[in-house]
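Data block below; observations after.
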Amino acid sequence: MDTSVQLKQIQSFVNKLGVMRLKDLIKAVRNCKTAADERAVIAKESAFIRTQFKEENNDTRHINVSKLLYIFMLGYPAHFGQIECLKLVASNKFSDKRLGYLGIMLLLDENQEVLTLVTNSLKNDLNHSNMFNVGLALCTLGNISSVEMARDLSSEVEKLLGNSNTYIRKKAALCALRIIRKVPDLLDNYVIRANKLLNEEKNHAILLTGTTLLIEMCQLSKNVLNDTRKNVPRLVRILRNLVNNNYSAEHDVNGVSDPFLQVQILRLLRLLGHNNVEASDLMNDVLAQVATNTDNAKNVGNSILYETVLTIMNIESEKSLQVMAINILGRFLSNRDNNIKYVALTTLCQVASILTDSSSLQRHSSTIIDCIKDTDISIRKRAIDLAFILMNRQNIRVLARELLVSLETTTNEEKSKISRRLCECANRYKPNKRWEIDTVCRVLKIAGGHVEQDVINNFIRLISTSSTELQQYATSKLYNILNKKNDTVESQEGLQLATIWCIGEYCDLLLQSPLDDSLAINDEDETNNSSTEIPSETEVIDLLERLIEGSHVTNKIRQYILIALVKLTNKLSSNCRDRNNSIIAKYKTNINLEIQQRAVEFSSLNNLNDDIRSVVLDRMPALENTKEKKSSSSSSNVS
Amino acid sequence: MINFMLLVSRQGKVRLTKWFNSNWTTKERSKIVKEVSSLVLSRRTKMCNVIEYKELKIVYRRYASLFFIAGIDANDNELICLEVIHRYVEILDRYFGNVCELDLIFNFNKAYYILDELLIAGELQEPSKKAVLRVITQQDSLAEGEEYSTQ
Numbered sequence: 001m002d003t004s005v006q007l008k009q010i011q012s013f014v015n016k017l018g019v020m021r022l023k024d025l026i027k028a029v030r031n032c033k034t035a036a037d038e039r040a041v042i043a044k045e046s047a048f049i050r051t052q053f054k055e056e057n058n059d060t061r062h063i064n065v066s067k068l069l070y071i072f073m074l075g076y077p078a079h080f081g082q083i084e085c086l087k088l089v090a091s092n093k094f095s096d097k098r099l100g101y102l103g104i105m106l107l108l109d110e111n112q113e114v115l116t117l118v119t120n121s122l123k124n125d126l127n128h129s130n131m132f133n134v135g136l137a138l139c140t141l142g143n144i145s146s147v148e149m150a151r152d153l154s155s156e157v158e159k160l161l162g163n164s165n166t167y168i169r170k171k172a173a174l175c176a177l178r179i180i181r182k183v184p185d186l187l188d189n190y191v192i193r194a195n196k197l198l199n200e201e202k203n204h205a206i207l208l209t210g211t212t213l214l215i216e217m218c219q220l221s222k223n224v225l226n227d228t229r230k231n232v233p234r235l236v237r238i239l240r241n242l243v244n245n246n247y248s249a250e251h252d253v254n255g256v257s258d259p260f261l262q263v264q265i266l267r268l269l270r271l272l273g274h275n276n277v278e279a280s281d282l283m284n285d286v287l288a289q290v291a292t293n294t295d296n297a298k299n300v301g302n303s304i305l306y307e308t309v310l311t312i313m314n315i316e317s318e319k320s321l322q323v324m325a326i327n328i329l330g331r332f333l334s335n336r337d338n339n340i341k342y343v344a345l346t347t348l349c350q351v352a353s354i355l356t357d358s359s360s361l362q363r364h365s366s367t368i369i370d371c372i373k374d375t376d377i378s379i380r381k382r383a384i385d386l387a388f389i390l391m392n393r394q395n396i397r398v399l400a401r402e403l404l405v406s407l408e409t410t411t412n413e414e415k416s417k418i419s420r421r422l423c424e425c426a427n428r429y430k431p432n433k434r435w436e437i438d439t440v441c442r443v444l445k446i447a448g449g450h451v452e453q454d455v456i457n458n459f460i461r462l463i464s465t466s467s468t469e470l471q472q473y474a475t476s477k478l479y480n481i482l483n484k485k486n487d488t489v490e491s492q493e494g495l496q497l498a499t500i501w502c503i504g505e506y507c508d509l510l511l512q513s514p515l516d517d518s519l520a521i522n523d524e525d526e527t528n529n530s531s532t533e534i535p536s537e538t539e540v541i542d543l544l545e546r547l548i549e550g551s552h553v554t555n556k557i558r559q560y561i562l563i564a565l566v567k568l569t570n571k572l573s574s575n576c577r578d579r580n581n582s583i584i585a586k587y588k589t590n591i592n593l594e595i596q597q598r599a600v601e602f603s604s605l606n607n608l609n610d611d612i613r614s615v616v617l618d619r620m621p622a623l624e625n626t627k628e629k630k631s632s633s634s635s636s637n638v639s
Numbered sequence: 001m002i003n004f005m006l007l008v009s010r011q012g013k014v015r016l017t018k019w020f021n022s023n024w025t026t027k028e029r030s031k032i033v034k035e036v037s038s039l040v041l042s043r044r045t046k047m048c049n050v051i052e053y054k055e056l057k058i059v060y061r062r063y064a065s066l067f068f069i070a071g072i073d074a075n076d077n078e079l080i081c082l083e084v085i086h087r088y089v090e091i092l093d094r095y096f097g098n099v100c101e102l103d104l105i106f107n108f109n110k111a112y113y114i115l116d117e118l119l120i121a122g123e124l125q126e127p128s129k130k131a132v133l134r135v136i137t138q139q140d141s142l143a144e145g146e147e148y149s150t151q
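This is the structure we're talking about:
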């Protein structure tokens with residue numbers, strides 16, 4: 001060997017001396033007992049790597065970058081390695097390139113300016129004679145391409161899509177996918193080549209990536225969608241061959257032939273058959289074949305059945321086929337595998353709106369109710385969605401009861417959503433008004449702290465437009481719930497607001513004996529049975545006073561209470577009237593301007609002539625629907 | 001499409017992260033990794049393998065001490081995603097010969113190289129196990145050959 005070459009090698013060896021190997025770094029990190037130890041090891045090594053980078057040491061760059069990538073993966077900063085990755089990519093050695101592109105994909109994303117510097121290296125490698133160099137470049141471009149890169153390198157990828165090497169062609173197809181996602185204008189350049197990929201019926205990788213590319217194109221452009229319909233017979237044929245199990249060990253997954261390709265073809269067919277009778281007619285047979293011949297014992301088979309159901313429900317398919325699809329979902333729903341159950345619930349939510357007749361779904365309502373009680377939030381959430389979709393006059397009593405139970409255990413964010421929907425549905429499908437009042441009361445009791453103001457407003461309007469008997473019933477019910485001195489119940493702001501409003505308006509009814517005894521008898525809410533005593537005037541004021549001074553009070557509650565107190569002065573004996581006035585007077589110096597103003601105004605009402613005063617404080621007229629937004633706070637109406 | 005792929009140990013240590021979109025900054029990404037890992041780690045075994053997270057679906061499966069996690073679009077097929085994950089695991093297993101977490105710690109770059117032969121732009125590029133293994137070994141020997149020629 002040439003001495004100069006030998007000398008170089010010795011020099012390179014010497015350079016690497018004293019540089020920690022990747023393996024040793026990983027070991028050192030794993031030996032750290034505490035997080036502080038780890039930080040110290042990393043800080044030291046990072047500093048070392050940084051100085052090595054500054055020295056432009058070509059021999060150690062590979063080792064240092066690989067260590068840096070490890071450091072990055074642990075969550076430490078590594079941006080100073082970006083340029084080093086570019087240098088590796090520019091190297092002639094494949095191992096350097098491989099690591100360099102890996103580093104670029106990890107350390108850079110498309111928002112960084114360094115990325116523009118990569119474009120040139122990518123261009124060189126896209127034109128390289130070694131297919132693996134081309135592969136690395138395509139992979140990098142496909143994973144992190146920015147808009148500018150997509151524009152600059154699109155023509156190269158176009159060329160590679162016609163390359164004779166399948167390894168390159170399949171990668172180019174997905175790279176093209178990324179490019180048109182970034183720059184949809186470039187789509188036209190790829191249409192012909194993309195459709196040609198489907199001609200290669202023997203090669204699964206090309207078929208798979210080609211189908212994936214076409215799916216994206218069809219979603220982006222109506223023209224491509226129409227144009228691709230000519231390929232329906234071909235896609236149908238490919239799918240049929242897969243189903244009829246031309247067994248090949250290479251593509252078999254648990255007895256199913258290339259499920260990945262099957263799913264992707266079904267997906268493309270769905271787009272092509274949507275709102276198109278002609279294309280849909282061509283698919284009916286093969287869809288029936290897939291639906292009947294696919295083994296549903298394992299996850300693979302079910303993944304295909306799932307996709308088939310979606311396709312059947314989204315194209316202009318035959319009625320018999322749709323029945324078949326719904327039956328598959330029914331079987332999914334009763335499957336013991338929770339994944340299948342989850343998928344069934346999600347799909348039913350989607351197809352329920354398409355179905356003209358939901359009776360086939362109603363059959364499964366008992367299973368759906370079970371799922372509402374599931375401990376798994378993914379399943380519970382979907383089941384609750386579905387329950388709302390399926391809700392109607394016939395089943396609302398049953399479903400509402402279950403939803404109220406689930407409301408108690410769910411997250412706060414969910415509470416707000418479920419409460420709103422439940423109240424809306426209760427209004428739409430109520431068997432009677434009394435039931436609606438009961439249901440909303442329970443919602444407020446469980447989740448009153450999480451409902452939005454309009455839910456409370458709607459409830460107040462509901463009561464205000466009800467009969468006097470119901471108004472009395474609701475007021476006494478709410479009063480009794482709050483009077484239990486139950487801390488969790490009291491913390492529900494919405495419940496407090498509704499109760500206080502009702503007391504203010506209907507206190508006279510609250511103090512009377514029940515107008516309609518039958519209302520109280522079959523009350524579904526068990527907690528109400530115990531105490532339906534008629535309170536005295538003092539007890540009512542005691543409650544209001546306790547609430548306004550209680551630990552759960554908010555400014556909004558204070559405002560509601562002040563209004564209630566002033567309204568009560570109209571209805572109570574003079575003793576109580578004085579007490580109310582003295583409570584109100586306390587708030588004349590409140591730090592909150594709104595409360596202070598109300599307290600002053602209400603106190604001065606005393607100076608008015610009794611006739612005028614009683615008119616001002618008279619009961620509000622029934623709130624009509626048109627005032628929906630305006631009635632948000634009764635204070636504005638009173639004062 | 002798969003928006004990201006994570007490998008997280010049972011103790012919450014991240015073993016691999018791969019991003020296929022550029023919707024998030026580096027900071028947001030690490031927040032997502034944290035949130036998703038804790039969501040997945042808190043699940044019980046009997047529960048389903050899908051979690052809804054933001055506008056995405058998280059599909060995960062546990063293999064020994066490692067969780068393989070993918071973040072897919074809301075309208076993607078969760079079940080086939082489980083198969084893609086399983087495919088990746090099978091290839092790792094074949095490549096390392098009974099793969100364990102330590103293999104992936106010390107050879108994390110290999111784990112990435114294999115993933116890059118399986119997925120591009122968040123889509124599956126090769127349905128054949130054999131084909132992936134073949135090109136990986138070819139590239140490995142190409143890289144090794146260079147080492148010997150310079151030594």
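Top to bottom, those sequences are chains E and S.
The first sequence begins at 1 in the UniProt record's numbering and counts up by one.
The second sequence begins at 1 in the UniProt record's numbering and counts up by one.
Cβ coordinates follow ideal geometry from the N, Cα and C atoms, glycine included.
Whole-Å CB distance - residue i paired with residue j, under 8 Å assumed
i, j, result
"residue 464 of chain E", "residue 622 of chain E", "5 Å"
"residue 561 of chain E", "residue 544 of chain E", "5 Å"
Sequence-distant residues of its chain with Cβ nearer than 7 Å to residue i (five each side left out)
i, result
"residue 433 of chain E", "466 and 470"
"residue 328 of chain E", "291, 305 and 309"
"residue 133 of chain S", "91, 94 and 95"
Own chain, CB closer than 6 Å to residue i, minus 5 neighbours either side, in chain order
i, result
"residue 596 of chain E", "590"
"residue 530 of chain E", "Below a pLDDT of 50, predicted positions are generally treated as unreliable, and residue 530 of chain E, at 47, falls in that range; the measurement from the model is reported next regardless. Closer than 6 Å at the Cβ level, and outside the excluded window around residue 530 of chain E, lies no residue."
Option nearest residue i by Cα separation, candidates the options
i, options, result
"residue 547 of chain E", "E:496, E:78, E:80 and E:70", "E:496"
"residue 655 of chain E", "E:517, E:261, E:8 and E:186", "No statement about residue 655 of chain E is possible, as the shown extent of chain E runs from 1 to 639 and does not include it."
"residue 294 of chain E", "E:478, E:245 and E:122", "E:245"
"residue 330 of chain E", "E:67, E:399, E:368 and E:380", "E:368"
"residue 48 of chain S", "E:319, E:374 and E:472", "E:374"
"residue 313 of chain E", "E:40, E:304 and E:351", "E:351"
"residue 19 of chain E", "E:400, E:36, E:38 and E:48", "E:48"
"residue 141 of chain E", "E:129, E:160 and E:76", "E:160"
"residue 79 of chain S", "E:296, E:22 and E:156", "E:296"
"residue 45 of chain S", "S:23, S:30, S:10 and S:24", "S:10"
"residue 74 of chain S", "E:77, E:21 and E:347", "E:347"
"residue 85 of chain S", "S:114, S:109, S:97 and S:107", "S:114"
"residue 99 of chain E", "E:113, E:558 and E:83", "E:83"
"residue 536 of chain E", "E:318, E:576, E:60 and E:550", "E:576"
Contacts that residue i makes with chain S (C-beta to C-beta distance below 8 Å)
i, result
"residue 497 of chain E", "Within chain S, no residue comes near residue 497 of chain E; the closest Cβ sits about 32 Å away, beyond 8 Å."
"residue 258 of chain E", "127"
"residue 544 of chain E", "Here the premise fails: no neighbours, minimum Cβ distance about 43 Å."
"residue 373 of chain E", "In chain order: nothing, as chain S lies at least about 14 Å away."
Distance cut-off 6 Å: residue i Cβ against heavy atoms of the ligand SAM
i, result
"residue 91 of chain S", "With respect to the ligand SAM, the structure shown offers nothing to examine, as it has no ligands at all."
Beta-carbon contacts of residue i that lie in its chain and below 8 Å, excluding the five residues immediately before and after
i, result
"residue 168 of chain E", "131, 134, 135, 138 and 160"
"residue 640 of chain E", "Only positions 1 to 639 of chain E appear in this structure, which leaves residue 640 of chain E out of reach."
"residue 519 of chain E", "434, 469, 470 and 473"
Straight-line gap, residue i to residue j (C-alpha atoms, nearest Å)
i, j, result
"residue 261 of chain E", "residue 363 of chain E", "34 Å"
"residue 453 of chain E", "residue 563 of chain E", "17 Å"
"residue 398 of chain E", "residue 202 of chain E", "55 Å"
"residue 123 of chain E", "residue 33 of chain E", "46 Å"
"residue 184 of chain E", "residue 323 of chain E", "38 Å"
"residue 539 of chain E", "residue 450 of chain E", "28 Å"
"residue 122 of chain S", "residue 20 of chain S", "5 Å"
Cross-chain neighbours of residue i in chain E, by beta carbon under 9 Å
i, result
"residue 14 of chain S", "73, 74 and 75"
"residue 112 of chain S", "69, 102, 105 and 106"
"residue 35 of chain S", "What residue 35 of chain S touches in chain E: nothing, since even the nearest Cβ is about 14 Å away."
Listed by chain order, chain S residues near residue i by CB distance under 7 Å
i, result
"residue 300 of chain E", "83"
Closer than 7 Å at the beta carbon, the chain E residues around residue i
i, result
"residue 135 of chain S", "167"
"residue 142 of chain S", "94 and 132"
Residues that residue i contacts on chain S, provided the C-beta gap is smaller than 9 Å
i, result
"residue 209 of chain E", "120, 123, 124, 125 and 126"
Per-residue contacts from residue i into chain E (C-beta, under 8 Å)
i, result
"residue 152 of chain S", "Residue coverage of chain S in this structure runs from 1 to 151, which leaves residue 152 of chain S outside it and unanswerable."
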